[in-house]
Structure formats: structure tokens, C-alpha cells
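First residue of the sequence shown? That's 254 in the UniProt record's numbering, and the numbers climb one at a time after it. One structure is given here, and the rest of the page talks about it.
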Amino acid sequence: AAMRKSRIKRTKTVCTYCGVGCSFEIWTKDRHILKVEPNTDAPANGISTCVKGKFGWDFVNDRERLRKPLIRRGDSFYEAEWDEALDLVASRMREIKTNHGPDAIGYISSSKCTNEENYLMQKLARAVMGTNNIDNCSRYCQTPATEGLKRTFGLGGDTGGIEDIANADLVIVIGANPAESHPVLSTRVRRAHKRGTLKLLVADLRKHDLAERADLFIHPRPGTDLIWLSAVTKYIIDQGWQDNAFLQTRANGFVAYAESLAHFTLEDAVEKTGLSRETLKSVATMIHEAKRVCILWAMGVTQHMGGSDTSTAICNLLTVTGNVGRKGTGAYPLRGHNNVQGAGDFGAAPGLLPGYQPVSDAKVRERFEKVWGTPLPQSAGLDNHQMVEKIHEGKLKAMYIFGEDMALVDANANHVQAAFAKLDFFVVQDVFFSKTAEFADVVLPASPSLEKEGTFTNTERRIQRLYEVFPPLADSQPDWKIIMQLANRLGANWTYRHPEEIMREAASLIPLYAGVTYERLEGFKSLQWPVQEDGMDTPVLYLERFAQPDGKAQLYPVEWTKPLELDAEYDLHLNNGRMLEHFHEGNMTYRVPGIEQKVPVTYVEVSKELAEARGVKTGALVLLTSPYGKVKVRAVVTDRVTGNELYLPMNTPNDEEAVNYLTSSYHDAITHTPAYKEISVKLEVLEEF
Ligand code: SF4
Numbered sequence: 254a255a256m257r258k259s260r261i262k263r264t265k266t267v268c269t270y271c272g273v274g275c276s277f278e279i280w281t282k283d284r285h286i287l288k289v290e291p292n293t294d295a296p297a298n299g300i301s302t303c304v305k306g307k308f309g310w311d312f313v314n315d316r317e318r319l320r321k322p323l324i325r326r327g328d329s330f331y332e333a334e335w336d337e338a339l340d341l342v343a344s345r346m347r348e349i350k351t352n353h354g355p356d357a358i359g360y361i362s363s364s365k366c367t368n369e370e371n372y373l374m375q376k377l378a379r380a381v382m383g384t385n386n387i388d389n390c391s392r393y394c395q396t397p398a399t400e401g402l403k404r405t406f407g408l409g410g411d412t413g414g415i416e417d418i419a420n421a422d423l424v425i426v427i428g429a430n431p432a433e434s435h436p437v438l439s440t441r442v443r444r445a446h447k448r449g450t451l452k453l454l455v456a457d458l459r460k461h462d463l464a465e466r467a468d469l470f471i472h473p474r475p476g477t478d479l480i481w482l483s484a485v486t487k488y489i490i491d492q493g494w495q496d497n498a499f500l501q502t503r504a505n506g507f508v509a510y511a512e513s514l515a516h517f518t519l520e521d522a523v524e525k526t527g528l529s530r531e532t533l534k535s536v537a538t539m540i541h542e543a544k545r546v547c548i549l550w551a552m553g554v555t556q557h558m559g560g561s562d563t564s565t566a567i568c569n570l571l572t573v574t575g576n577v578g579r580k581g582t583g584a585y586p587l588r589g590h591n592n593v594q595g596a597g598d599f600g601a602a603p604g605l606l607p608g609y610q611p612v613s614d615a616k617v618r619e620r621f622e623k624v625w626g627t628p629l630p631q632s633a634g635l636d637n638h639q640m641v642e643k644i645h646e647g648k649l650k651a652m653y654i655f656g657e658d659m660a661l662v663d664a665n666a667n668h669v670q671a672a673f674a675k676l677d678f679f680v681v682q683d684v685f686f687s688k689t690a691e692f693a694d695v696v697l698p699a700s701p702s703l704e705k706e707g708t709f710t711n712t713e714r715r716i717q718r719l720y721e722v723f724p725p726l727a728d729s730q731p732d733w734k735i736i737m738q739l740a741n742r743l744g745a746n747w748t749y750r751h752p753e754e755i756m757r758e759a760a761s762l763i764p765l766y767a768g769v770t771y772e773r774l775e776g777f778k779s780l781q782w783p784v785q786e787d788g789m790d791t792p793v794l795y796l797e798r799f800a801q802p803d804g805k806a807q808l809y810p811v812e813w814t815k816p817l818e819l820d821a822e823y824d825l826h827l828n829n830g831r832m833l834e835h836f837h838e839g840n841m842t843y844r845v846p847g848i849e850q851k852v853p854v855t856y857v858e859v860s861k862e863l864a865e866a867r868g869v870k871t872g873a874l875v876l877l878t879s880p881y882g883k884v885k886v887r888a889v890v891t892d893r894v895t896g897n898e899l900y901l902p903m904n905t906p907n908d909e910e911a912v913n914y915l916t917s918s919y920h921d922a923i924t925h926t927p928a929y930k931e932i933s934v935k936l937e938v939l940e941e942f
């Protein structure tokens, strides 16, 4: 018995799913996961976890895990050894660089992978291959929020911590469904709401769990958030409810901003948003009466053609009312993946070196060049949206993607897949053989989070360590090791023996991470950036200064971008998002039997009114068609949605049901984030249930 017991191992890890960043211990015996044990020391979650963090781990032992490198031969692949695969990748990349220049290759890094891995991927692109063509999937979700924050407050991160949200007396949730997408964070808000210490205001198209509990639930027309936010801000100023002391001492640009709001009248807002005058006034009054307001938002705001501007309007409203730079207040874009924040922090972006330092700044480049020992490309590279277009134009010849099923998660999937089919050379590095891998020339088997060490940075800028729970399965390897071996075949001489050495180098170059060391992150210890050299971290940003040149927040006038409209043929609006049980494209959670049995298929939600009008019953198979593609899916009739608004979760076990066969290439003008939330479709019933 003693022998048996000694083989049981407990290892601290950080959840691989959402941006809340729950941490806990995993009990294992060999490769068997015995249980997930919460720990009161876990900074983001305490003893809470959601269904995914608690039960969603069996995918790591799935029989479909990639076990060996695969190399294309005609229409199929053969299993190869690492040397053959990496030699091939290196020689083809070198050849394409020689023939077409470094900018003919694009790199996609992963917000599912560690900070250290993101750092190495952008270093490979920039320092080894000589291109700034590097991006990650935060462009699909949170880049517009980052833009709004940077314009106004200066730094692209949530202004406070998860715990601090419960200190607000009004929490506003816009275009986000935390109960399903960020469950543990939502539990904290719900508990405080139940205790009666805070009020809850929800703006959404869908009556989700938090909307059901809200003190006020508002349902503006799709794509009109900027209008009601601006009209409410104007009304607050017209009433003289703005925070004058704050505006005088801590913000710039109030007069010009107030003038820019002139046309955002209540009448105009009523007409465009469909909300009543009384509702708009109630929103303004709730904000006025609260002493501390937090605003939480997510993809319902950012994934529009005006996503950056709406995010900015949120920051403007917080500034006008003095609800930032104090405890219990602030701006909280809720990051989706576990390491969306970290992928951006570590420079997986075409215009920014690690730490959001512009590649165009000669002084910044000089610091990196000194440490990396090589001259760096000077102008911003292509983002992931531009990469797809450049492949279609014949200018981008090769891509290297890791930890991202871009063929399904980028918008307008048919258009993206047609691009991948045109590539001269394509490398995909992942845990499973994804849809994207179908287009690859070489597929490299990577390890999931439980098989590697490193750090993740969650939505509240909290940096946490993960430890190896068990060694990589079969021939798979942690991404950082694969990237390093490839870099060395391409002429680098990297000698990192452990991710700690990568972090040491990165921290020396990223002021926000200056004081980050693995020692300071031991076990359940964590740090929230900026971290000073002495290890002092920053739970709440801007308590004294904003990160603008003169230390003051900047009010930033914005205008509304009209969303795509429905027409006679495509007469229904298709909203989309997550469901609690599954994560994103479902490649992990649909491989967890317990979860898969609970929610085995995806479905489209249809309102009662529409169901009646079109004869749709729960269980019917319906065909959704947009100008860009088709999806067949079962219908569920529900009062969570209303009128001609449908809702399709993005999580599906079946590639053909992916919502991105319906989405378009329209995007936010500033960040190129796809307008995933602006889809019009038609619906036909194919088969009664
Ligand atoms: Fe994981 Fe997010 Fe659930 Fe926490 S809330 S257990 S981080 S999926």
C-alpha cells in the first residue's frame, strides 16, 4: 500500500481554459488524473473551479493526441522522426526566405501557450527570420478592448483584480456572458449581488444567467452599444453629474469630449438602440448613484466593425464619472483564453515587441538588438487578417501556426481555408490534428499545459506558474522546445534549458515584468503586472498616475460605425458565443467523456416568436445560410433570445457546424478584429424532430 501511495503525485497547475486563471493541484498516478484539488491559496479562484477546470482534463490522454511528427506525401501524411520533420521545416523556410524575402512567411503564436513560448515564437520570427509578421488570436477577440484602454488609460490590461470587482457597488456587464464564459469570476459577482452589496446592470442581446439576476437588464439593438453609452454619458454631463474633481486633476480633454457628444441625444439613442428614454435615464441614474462602478465587457462589444470605438466609449464613461484609478472601480475586458493577456504581453503582435514596445521605435529596437545580438526589422508586420489576404494575393508563401485552429476560428472560414490551400509551405504545431492541419505540409506534435512548465498571465494581469504534471505523451514536446530546435536549425544558438531562463531574458526587456522571477512565483504565489524590480506588484492600476505621458487619463472622442444590416433575404441576426460546458472550437472538451455526454451537440437558439412564425420546433434540423456559407444544426426554442435574433454557440464537436462558415471578412477598422457578431442569415427547416 505504501508503494502505491508513493506513486500518487500532486502538482500545482493553472487552468488551460479561460482567462480567469484558476489554479489548483492535480493529483495523478502515472498518467491517470485522480482529482483536481482546489486550494485556499489560489489567488484568482480560492476553492472555486468550474466544470471545465474540475473535470475537463481527459483530453490529454485521448487516443487522437498527435504522437509523432507528420509529413505530407500527396494527399496523406506519414509519421516521421523529429530530425526529418525539423530539417524539412528549416530547409523550406530558408528557401522561401531566400527566394521571396523574410516577409513572405507569417507566424501565428498561441494564447493557449505559455508566456515563454510566445516570447520564443516572436523571437524566432523577428530575430531569426527577420520579419514582424507575427500575431496571435487576441486579434479575434480582445485587441479592440486593448485599443480602447491604451487610448484612454495607457495600458492594455484590466484596471483592477477579480477580487476587487466585488468591492464595486454597481457592476455593469456589456456583451459578455460571464456565467458561462468566465464562471468563477461570475460566481464572485453573483455572491456579492446576493449579499446585497452591489447592483447589477446587464446589457446584452440574450437573457443569460447574469441578465436573469440583474437589477436592470437592457437589450439594445445589435451593434448599438456605442450609441447608448455615449447618450448616457452625455445625459450624465447634462445633469452636471460628472466627477469634476477627478476630471480637473486626473484627466485631459473633457471640454472637447463633452462637445463631441452633442449629437448623442436621448432621442437619437431611442431611435437607434430601441431602448426607451426611461431606460436610458435609469442607466445614467444608477451610475450616478453608485460610488464605485466597474464595467465588464467581452466579445459582444469588441467583435464589431466599431469594436475599438465602443471599448473606448466605455473607458470614456468611466473617466467622466471618476470610476477608474480607485479600488472597486474600473475597466474589465474579460480575456477569453487562459493566456490571451500573456501572448500580447510577450510580443506576439506585428507592431509591438514584448511589453507593448513599438517595433518602429529605434531606441526600443536597440535594446532588443543588444540582447538578441541581431538587427531587427523596423516596420510593423502583417496581422492575422492581413496574412490571409496576402496569401490570396500571392505575396505570403508560407505560414507557421502553433496552438491555433485558424481554419475554423478565424472569420469567413471558407475564405481562410481557400487561402491555406494556396500556401507553398505550411507548418502546424498542435496537440491534435486540427482542421488547419488538414492543409499543412508538416504537423508537429505539441504538449498541452499539463506536460510543460512556464507561466500564464490571466485577465487581471496575474502571472502564475504551472508545473509539469507528467512528461509529454509519446514523441510530443512542449512548444518552447520545438521552437528552439527549429530556431537553432535556422542559424540561432539558443541554449535555454528551462522556461525560467527564457523568463529571465524576457523580464530584462519588458519593464512591466521587470521584477518577475520564478522564485517569486513559486507554488501558488503570483504577481500582477507592472512588477517593479524589487518584486512589488500592482493589484489596481493607476491609483496615482495613468500610463499616459503626463500621468492623466485621456478622454477620446469616438463615432458610431453602423453595423451590417439585415435584408429581405438574410433576415435574421445570428449572435454567437460560448456555452459553459465547452470551450471554443471544442477540441479539448468534446474529448472529455463526462462533459461530452452532458452536452454532446451544439444547437441554435430560436426565439418563441420566430419558432411560431416559421414552424420551428426544438430538435428540428435547420439550415442556416449566410452570404459566406452554410451550417446545419439542431434548433432549441427558448426565451433567452427574442424576435429575429438567433444564438449559435461556437463550441461544436463537428467541424461543419462551426459558426465561422457563416461569418464575413468585415472587421474593426483599427484592429482588423473580425465583426463576428454582425452576421445575417436565413433559416430553413430541413427536418422536423
Ligand atoms: Fe478554468 Fe475559467 Fe473555469 Fe476557472 S473559470 S476553472 S479558469 S475555465
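Every residue gets a Cβ at the ideal spot worked out from N, C-alpha and C, and that includes glycine.
Name the DSSP bridge partner or partners of residue 222?
With the chain covering 254 to 942 only, the question about residue 222 has no answer from this structure.
Using a Cβ-Cβ cut-off of 7 angstroms (strictly less than) and excluding sequence neighbours within five positions of residue 796, which residues of its own chain qualify?
Closer than 7 angstroms at the Cβ level, and outside the excluded window around residue 796, lie 578.
Spell out a yes or no on whether the segment 382-399 and the segment 348-358 are touching, meaning 3 or more CB-CB pairs, one atom from each, closer than 8 angstroms.
Touching, yes, given that three or more Cβ pairs across the two stretches are closer than 8 angstroms.
Under the rule that 16 or more other beta-carbon atoms within 10 Å means buried, what is residue 270, buried or exposed?
The residue in question, residue 270, is buried, as its Cβ has 16 or more Cβ neighbours within 10 Å.
With a CB to CB cut of under 7 angstroms and the five nearest residues on each side skipped, what residues in its chain are close to residue 293?
Closer than 7 angstroms at the Cβ level, and outside the excluded window around residue 293, lie 299, 300.
How would the residue list near ligand 3 read, in chain order, if you kept each one whose beta-carbon is closer than 5 angstroms to any heavy atom?
Within the structure as shown, ligand 3 is missing, the only ligands being ligand 1.
For the putative contact between residue 889 and residue 865, defined by C-beta atoms under 8 angstroms, what is the C-beta separation to the nearest angstrom?
With 8 angstroms as the limit, residue 889 and residue 865 do not qualify as a contact, their Cβ atoms being about 15 angstroms apart.
Do residue 934 and residue 827 have their beta-carbon atoms positioned less than 8 angstroms apart in this structure?
Against a cut-off of 8 angstroms, the Cβ pair of residue 934 and residue 827 comes out as a contact.
For residue 550, write down the residues that DSSP places opposite it in a beta bridge.
Its beta-bridge partners are 427, 586.
Going by the beta-carbon positions, is the gap between residue 884 and residue 919 smaller than 8 angstroms?
No; because the gap between Cβ atoms is not below 8 angstroms, this pair is not in contact.
Can you tell me which of the three DSSP states residue 873 falls into?
The answer is coil: DSSP assigns residue 873 none of H, G, I, E or B.
Mapping DSSP to helix, strand and coil, what is residue 355?
It is helical.
Tell me which same chain residues have a C-beta within less than 7 angstroms of the C-beta of residue 691, skipping the five on either side of it?
Nothing listed; no residue qualifies.
For the beta strand (DSSP E) holding residue 645, just list the boundary residues, first then last.
Note, residue 645: premise wrong, no beta strand (DSSP E); alpha helix (DSSP H) at 637-645.
Counting pairs of beta carbons, one from the segment 624-636 and one from the segment 433-444, are three or more of them closer than 8 angstroms?
These segments do not touch.
What did DSSP end up calling residue 271 once you bin it into helix, strand or coil?
Residue 271: strand per DSSP, three-state reduction.
Would you say the segment 398-411 touches the segment 547-563, given that touching needs at least three Cβ pairs under 8 angstroms?
Contact between the segment 398-411 and the segment 547-563 is present, because at least three Cβ pairs lie under 8 angstroms.
Within its chain, find whatever has a CB closer than 8 angstroms to the CB of residue 736; leave out the 5 residues flanking it on each side and keep chain order.
Cβ neighbours of residue 736 beyond the five flanking positions: 370, 373, 374, 377, 655.
Which residue wins for smallest C-alpha separation from residue 359, given the options 339, 367, 340, 389?
It is 389.
Under 6 angstroms Cβ to Cβ from residue 703, same chain only, skipping five residues before and after it: list those, please.
Contacts found: 313, 722.
Pairing CB atoms from the segment 598-615 with CB atoms from the segment 758-771, are three or more of them under 8 angstroms?
As far as the Cβ criterion goes, the segment 598-615 touches the segment 758-771, which means the pair count is three or higher.
Evaluate contact between the segment 525-532 and the segment 461-481, counting only Cβ atoms and requiring at least three cross-stretch pairs below 8 angstroms.
These segments touch.
Determine the closest residue to residue 698 out of 877, 454, 727, 631, with distance taken between C-alpha atoms.
Ranking the options by Cα distance to residue 698, first place goes to 727.
Just to confirm my understanding: we take residue 425, look at its own chain, exclude 5 residues before and 5 after, and list those with CB closer than 6 angstroms. What are they?
These residues qualify, in order along the chain: 454, 548.
In this structure, does DSSP put residue 519 in helix, strand or coil?
Correct three-state label for residue 519: helix.
Locate the alpha helix (DSSP H) running through residue 726, then write down its first and last residues.
It is not in any alpha helix (DSSP H) - residue 726 carries neither H nor E in the DSSP assignment.
State buried or exposed for residue 824, treating a residue as buried only when at least 16 other CB atoms are found within 10 Å of its CB.
Exposed is the call here.
Please classify residue 928: does DSSP put it in a helix, a strand, or coil?
Residue state, collapsed to three classes: coil.
Near residue 343, which residues of its chain fall below 7 angstroms by C-beta distance, leaving aside the five closest residues on each side in sequence?
Once the five neighbours on either side are set aside, the close Cβ partners of residue 343 are 739, 742, 743.
Exposed or buried, what is residue 711 when buried is set at 16 or more other beta-carbons lying within 10 Å of its beta-carbon?
Its Cβ being crowded by 16 or more others within 10 Å, residue 711 is buried.
CB residue 569 to CB residue 477, shorter than 8 angstroms?
No; because the gap between Cβ atoms is not below 8 angstroms, this pair is not in contact.
When you compare only the Cα positions, how much space is there between residue 897 and residue 482?
Each residue's alpha carbon lies about 24 angstroms from the other.
Applying the 10 Å Cβ sphere with the 16-neighbour rule, what's the burial state of residue 254?
A caution first: residue 254 carries a pLDDT of 46, below 50, which makes its placement in the model unreliable, though a value can still be read off. The residue is exposed, with fewer than 16 neighbouring Cβ atoms inside 10 Å.
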